[in-house]
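Numbering (our numbering), first residue to last: 162 to 274.
Beta carbons: idealized from backbone N, C-alpha and C, even for Gly.
Shown next, in the form of structure tokens:
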């Protein structure tokens, strides 16, 4: 479903998102839809698209949102794996034995300082 107006970077982004969605158990059709929507929203946010909706420009980016509005009953926000990787990037000691809540607190403390 890649489009002619997409750059090589957007093509790679589309493929990456599609493969990630398929690994999460989504059907090929649903994975393609999610990838296309995400890429088009990012294009609108960066001014690459001719048309853009107000929500595409004013809302949180899909990457930053981290599942806040995923429509599920599970805990909202970043996953433990995402928090762990952020803690690793911030060089937080003891991260391997931390719970999700502890990782979140440690990452927030480190970012706040």
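### Task
Using three-state DSSP, classify residue 253 as helix, strand or coil.
Against the chain shown, residue 253 aligns to sequence position 92. Judged by DSSP in its simplified three-state form, residue 253 adopts coil rather than helix or strand.
### First through last residue of the alpha helix (DSSP H) which encompasses residue 266
Here residue 266 refers to the residue found at position 105 of the chain shown. Annotation: the continuous alpha helix (DSSP H) that includes residue 266 extends over 261-273.
#### Entry: DSSP three-state assignment for residue 240, whether helix, strand or coil
Taking the first residue of the chain shown as position 1, residue 240 is located at position 79. In this structure, residue 240 counts as coil in the three-state DSSP scheme.
### Task
Under the assumption that residue 266 contacts residue 253 (Cβ atoms under 8 Å), give the Cβ distance between them as a whole number of angstroms.
One-based indexing of the chain shown puts residue 266 at position 105. One-based indexing of the chain shown puts residue 253 at position 92. Contact between residue 266 and residue 253 is absent: CB atoms are separated by about 10 Å, not below the 8 Å threshold.
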